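**Q**
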Amino acid sequence: PHVAKLVTEEWHNLSTEERSTYEEMARRDKQRFEIEKSMYTGPWKIPVKSRTKKDPDAPKRPMSSFLSFSNAKRAQLKSE
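Residue numbers (my numbering): 3 to 82.
1) If you reduce the DSSP assignment to three classes, tell me which class Y42 lands in.
2) Taking all protein chains shown into account, decide if P58 is buried (16 or more other Cβ within 10 angstroms of its Cβ) or exposed.
3) Can you check which of these residues, P45, S66, S70 and M65, is closest to K56 by C-alpha distance?
4) Please go through the same chain and pick out, in chain order, the residues whose beta-carbon is closer than 6 Å to the beta-carbon of S2, but skip the five residues on each side of it.
5) Are E38 and P61 close, meaning C-beta to C-beta below 8 Å?
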């Protein structure tokens, strides 16, 4: 239950060099998203009245650098 707090604490204590790795991953993922978004021709918003399933072909949003970091550290911290 307190894994998120531990990951956040580690994120705040990362050096600039270590953090830049995750920021680069986030930057590349954002570029991927922008490319997929430009090629996507489906609906961006689904009307509230007829809320159906999200289009499975829609591009996934990019992950932030913190999310990349927390995904990498979560398993390690859970085992501790």
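All C-beta atoms, glycine included, are put in the ideal place defined by N, C-alpha and C. From a predicted model like this one, the values you see are computed outputs, not experimental measurements.
**A** On the basis of the coordinates in this document:
1) As a working note, residue 42 is residue 40 in the sequence shown. Three-state DSSP puts Y42 in coil, outside helix and strand.
2) As a first step, residue 58 is located in the sequence shown; it is residue number 56 there, counting from the start. Its Cβ having fewer than 16 others within 10 Å, P58 is exposed.
3) Within the sequence shown, residue 56 is the residue found at index 54, counting from 1. Out of P45, S66, S70 and M65, P45 has the C-alpha closest to the C-alpha of K56.
4) No answer is possible for residue 2: the residues shown for the chain start at 3 and end at 82.
5) Translated into positions along the sequence shown, residue 38 becomes position 36. Translated into positions along the sequence shown, residue 61 becomes position 59. Cβ distance < 8 Å, so E38 and P61 count as in contact.
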